[in-house]
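Asks: Numbering (this note's numbering), first residue to last: 478 to 1212.
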């Protein structure tokens, strides 16, 4: 289950030969591919900055981006360049698809002729997705209404390459809800290196049952809203990979072994020579990963690498939250891959013929992210934190697997370091922050990490003594079962250790994310009006086993088949230790969470009512059988094999234990965690005669933000509930 607004995502993912040869936007910058320069959007146009001088060059003026004489310049939301740098591709007027704005309008600006053209001008407005200019710069391809089109940039001639066969449930070049949500698969097609063919995913949603949501507010008659949604216990969305020529004709389907209804294809790319397509297949239980090479002309395939795990196989999609890119080396003779087979998440160099595997990152630590692959310099830049799992540092290691680990980030600046590294790996835009230091930014040289001329030396500006005045405290607690969990805490303003204060726990705790890290911005509460500390609450968050902290495979996978059990027990046993602090009022303990955090809130208030007296559960999954198959079966296994774990792990099973005060909040238009979760739980609470409060927001999605006044109302309601049932402020001194 993907966390709502609290997920921390890093997107530094660059390689010498990557998923396409165009420039790609990263954190507000688009790097040049042939020199140390980057482009950015300023004052309605595009400018280039050359490193290390930081000289500024105006590349495209705002007046060039007017689609008509009287029109305003296009409002650029994303942009990229063709490989030769002569064409600018602009994304604008975007609309949301599920989570992100991935459909909109695309325009191409020719930097030589100064001509601005709209792609797909005969297609419906804001209907184009994932437009990409061909490597030779002559054409563009895009998805519109579940079909792939190719357009000649000179003539404007458009050809449709795929056919939905008259049904909107055959999806070409993009994905259904579950692939997007759980594998981060959105862009579903790739240009071949020679610009003559396109490889793409096809999802046959005809085989997936619809979940029907009901819109009762937008007309006098209710409207049924179907969502292609495979629930737990039902087969995956059948997918296949096809290759089609840009002149049209029949698609050649890749012959990948295994029943498509029992497997997933989560990653796909052309090999650099353009003769083959490489892809990653997962079995339904996601405990076996196989890489296949497929002949793009004939479709035959061969397995070149397999990885297995007793729980689930960690993938780049799970780790980087993206299906794009293949980390090629040696012109396609080898590539980077990730595996946890030695107990830690490490990077390997795999030969494309499958005969050689070289471990690059060695040791008892997890690779957290890839910052840059500098093949010319022979180095790999990545993030890790071997000593403190709540922090992040930049490291360098040779690509031949023979060198030693080299820390580049200043060790004395403990916290979270991130970098946007130039293609040559000579320069980087560095950002640093921790729980008491707001983000600090500067340009530095690598690998010596010295500031560029005119840049601040952040190592001298950094003030570690500021920690003494921080509201946030980071801590560790070891439970009675010997599990050490990380936490952060904010004590009330004017804290008096001789008095006792109420505690509010913020939880997520489900697999795939975490809430505790040494970074700026901890302690915010999106459902509370005001300041918890100012009002007299202790605010705490903890990370249990199963969270995606870089603590090794055993930590992350201890939750396998025990979602709802291991995570809630770690939280509760840590809370027991906190209850022994003399300044904690054990009669006033509240917990809240959203999505998976809402589920954990229910688990805690139902399973451990002696600890948690008040709970606010927003958009919770209440029964593990009601969520999608990809997420749930990855972490729980197949219900046909261990139904007892599904039953024991579901909050509804324990609803009869409610003793405290519960506020349940859900949007009736939630296409992620369906509103049926609230109704199923309500039935259980009613059956057991349990009183509670409930708020249903009509036709709001999982984020509960649509509609005028919605978030203000949500905050006001939750604040009133918390202050009523868990009053703020100190109690008298201890006996």
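C-beta atoms are modelled at their ideal positions from N, C-alpha and C, and glycine is treated no differently. Small disclaimer: the values here were computed from a predicted structure and weren't measured.
For residue 591 versus residue 541, is the C-beta spacing smaller than 7 Å?
Replies: Mapped onto the chain shown, residue 591 falls at position 114. Mapped onto the chain shown, residue 541 falls at position 64. In this structure, residue 541 lies closer than 7 Å to residue 591 by Cβ.
Asks: Can you tell me which of 560, 708, 686 puts its alpha carbon nearest to the alpha carbon of residue 671?
Replies: Within the chain shown, the letter at position 194 stands for residue 671. The option with the nearest alpha carbon to residue 671 is 560.
Asks: Where residue 809 and residue 669 are concerned, what is the direct C-alpha to C-alpha distance, given to the nearest angstrom?
Replies: In the chain shown, the residue the question calls residue 809 occupies position 332. In the chain shown, the residue the question calls residue 669 occupies position 192. So the alpha carbons of these two residues sit roughly 14 Å apart.
Asks: Among the candidates 1005, 899, 882, whose CA atom is the shortest distance from the CA of residue 851?
Replies: The sequence position of residue 851 within the chain shown is 374, counting from 1. With distances taken between Cα atoms, residue 851 lies closest to 899.
Asks: Around the C-beta of residue 1203, are 16 or more other C-beta atoms found within 10 angstroms, so that it is buried, or is it exposed?
Replies: Against the chain shown, residue 1203 aligns to sequence position 726. Residue 1203 comes out buried.
Asks: So the candidates are 759, 724, 1132; which of them puts its Cα closest to the Cα of residue 714?
Replies: Position 237 of the chain shown, counting from 1, holds the residue named residue 714. Minimum Cα distance to residue 714 is reached at 759.
Asks: Considering only the beta carbon of each residue, do residue 1018 and residue 983 sit closer than 7 Å?
Replies: To locate residue 1018, count along the chain shown from 1; it is residue 541. To locate residue 983, count along the chain shown from 1; it is residue 506. It is a contact, given that the beta carbons lie within the stated cut-off.
Asks: Just checking my contact of residue 1037 with residue 1112 at CB under 8 Å: how many whole Å lie between their CB atoms?
Replies: For the purposes of this step, residue 1037 is taken as the residue at position 560 of the chain shown. For the purposes of this step, residue 1112 is taken as the residue at position 635 of the chain shown. Indeed, because the Cβ distance is near 6 Å, the residues count as touching under 8 Å.
Asks: In this structure, does DSSP put residue 607 in helix, strand or coil?
Replies: Here residue 607 corresponds to residue number 130 of the chain shown, with the count starting at 1. Three-state DSSP puts residue 607 in a strand.
Asks: Are residue 617 and residue 610 closer than 7 Å when you measure CB to CB?
Replies: The residue labelled residue 617 in the question sits at position 140 within the chain shown. The residue labelled residue 610 in the question sits at position 133 within the chain shown. Taking 7 Å as the Cβ cut-off, residue 617 and residue 610 qualify as a contacting pair.
Asks: Kindly list the residues whose CB is nearer than 6 Å to the CB of residue 1183, restricted to its own chain and excluding five residues on each side of it in sequence; keep chain order.
Replies: As a first step, residue 1183 must be located in the chain shown, where it is residue number 706. Correct list, in chain order: 1177.
Asks: Can you tell me which of the three DSSP states residue 629 falls into?
Replies: For this step, residue 629 is matched to residue 152 along the chain shown. Looking at residue 629 - three-state DSSP - the assignment turns out to be strand.
Asks: If you drop the 5 nearest sequence neighbours on each side, which residues of the same chain put their C-beta closer than 6 Å to that of residue 960?
Replies: Translated into positions along the chain shown, residue 960 becomes position 483. Closer than 6 Å at the Cβ level, and outside the excluded window around residue 960, lie 1047.
Asks: Which residue's Cα is closest to the Cα of residue 748: 756, 741, 1149?
Replies: For the purposes of this step, residue 748 is taken as residue 271 along the chain shown, with counting starting at 1. Of 756, 741, 1149, the residue nearest in Cα terms is 756.
Asks: Do you know whose CA, among 614, 655, 677, 615, lies nearest residue 640's CA?
Replies: Numbered from its first residue, the chain shown carries residue 640 at position 163. Measuring from the Cα of residue 640, the nearest candidate turns out to be 677.
Asks: For the beta strand (DSSP E) that residue 1081 lies in, which residues bound it at each end?
Replies: As a position in the chain shown, residue 1081 is number 604, starting the count at 1. Careful: residue 1081 lies outside any beta strand (DSSP E), inside the alpha helix (DSSP H) at 1073-1084.
Asks: Can you tell me whether residue 1235 is buried or exposed, with buried defined as 16 or more other CB within 10 angstroms of its CB?
Replies: Summary: the structure shown does not reach residue 1235, with the chain confined to residues 478 through 1212, and so no result is reported for it.
Asks: Mind checking residue 602: buried by the 16 CB within 10 Å criterion, or exposed?
Replies: Here residue 602 refers to the residue found at position 125 when the chain shown is read from its first residue. It counts as exposed.
Asks: Measuring CB to CB, does residue 661 end up less than 7 Å from residue 555?
Replies: Your numbering for residue 661 matches position 184 in the chain shown. Your numbering for residue 555 matches position 78 in the chain shown. In this structure, residue 555 does not lie closer than 7 Å to residue 661 by Cβ.
Asks: By how many angstroms is the C-alpha of residue 1208 removed from the C-alpha of residue 1062?
Replies: Stepping through the chain shown from its first residue, residue 1062 is reached at position 585. Stepping through the chain shown from its first residue, residue 1208 is reached at position 731. When rounded, the distance between both Cα atoms is 8 Å.
Asks: Determine the DSSP secondary structure at residue 497, reduced to helix, strand or coil.
Replies: The residue given as residue 497 occupies position 20 in the chain shown. Unreliable positioning characterises residue 497 in this predicted model, as indicated by a pLDDT of 29, which lies under 50. The coordinate reading is nonetheless provided below. Three-state result, residue 497: coil.
Asks: Could you pull the start and end residues of the beta strand (DSSP E) that residue 1144 belongs to?
Replies: The sequence position of residue 1144 within the chain shown is 667, counting from 1. Taken as a continuous stretch (DSSP letters only), the beta strand (DSSP E) holding residue 1144 covers 1138-1144.
Asks: Could you pull out every residue in the same chain whose Cβ sits closer than 6 Å to the Cβ of residue 765, ignoring the five residues on either side in sequence?
Replies: The sequence position of residue 765 within the chain shown is 288, counting from 1. Result list for residue 765: 785, in chain order.
Asks: Just to confirm my understanding: we take residue 915, look at its own chain, exclude 5 residues before and 5 after, and list those with CB closer than 8 Å. What are they?
Replies: For the purposes of this step, residue 915 is taken as the residue at position 438 of the chain shown. Contacts found: 997.
Asks: Would you mind sorting residue 1146 into buried or exposed? The rule is 16 or more other CB atoms within 10 Å of its CB.
Replies: Taking the first residue of the chain shown as 1, we reach residue 1146 at position 669. Buried, since its Cβ has 16 or more Cβ neighbours within 10 Å.
Asks: Could you have a look at residue 716 and say whether DSSP puts it in helix, strand or coil?
Replies: Stepping through the chain shown from its first residue, residue 716 is reached at position 239. The answer is strand: DSSP assigns residue 716 an E or B state.
Asks: Report the three-state DSSP secondary structure of residue 774 (helix, strand or coil).
Replies: Along the chain shown, one-based indexing puts residue 774 at 297. Coil, per DSSP.
Asks: Using the beta-carbon count (16 or more within 10 Å), is residue 763 buried or exposed?
Replies: Mapped onto the chain shown, residue 763 falls at position 286. So residue 763 counts as buried.
Asks: Can you give me the start and stop residues for the beta strand (DSSP E) that residue 846 sits inside?
Replies: Within the chain shown, numbered from 1, the residue matching residue 846 stands at position 369. Run containing residue 846: 846-851, per the beta strand (DSSP E) assignment.
Asks: How would you label residue 548, buried or exposed, when you count the other beta carbons within 10 angstroms and need 16 or more for buried?
Replies: Within the chain shown, the letter at position 71 stands for residue 548. Exposed.
Asks: DSSP three-state label for residue 904, please.
Replies: The residue you call residue 904 lines up with position 427 of the chain shown. It is a strand residue.
Asks: For residue 681, tell me which candidate among 693, 707, 700, 849 has the shortest Cα-Cα distance.
Replies: For the purposes of this step, residue 681 is identified with residue 204 of the chain shown, where counting begins at 1. Taking only the C-alpha atoms, the option nearest residue 681 is 707.
Asks: Taking the Cβ atom as the reference point for each residue, do residue 933 and residue 919 lie within a distance shorter than 7 Å?
Replies: The residue you call residue 933 lines up with position 456 of the chain shown. The residue you call residue 919 lines up with position 442 of the chain shown. Yes, they are a contact pair.
Asks: According to DSSP, is residue 1045 helix, strand or coil?
Replies: Residue numbering aside, residue 1045 sits at position 568 when the chain shown is read from its first letter. Helix at residue 1045.
Asks: How should residue 754 be labelled, buried or exposed, when 16 other C-beta atoms within 10 angstroms of its C-beta is the threshold for buried?
Replies: As a working note, residue 754 is residue 277 in the chain shown. Buried.
Asks: Quick one: what's got a C-beta closer than 8 Å to residue 1115's C-beta in the same chain, skipping five residues either side?
Replies: In the chain shown, counting from the first residue as 1, residue 1115 sits at position 638. Correct list, in chain order: 710, 761, 762.
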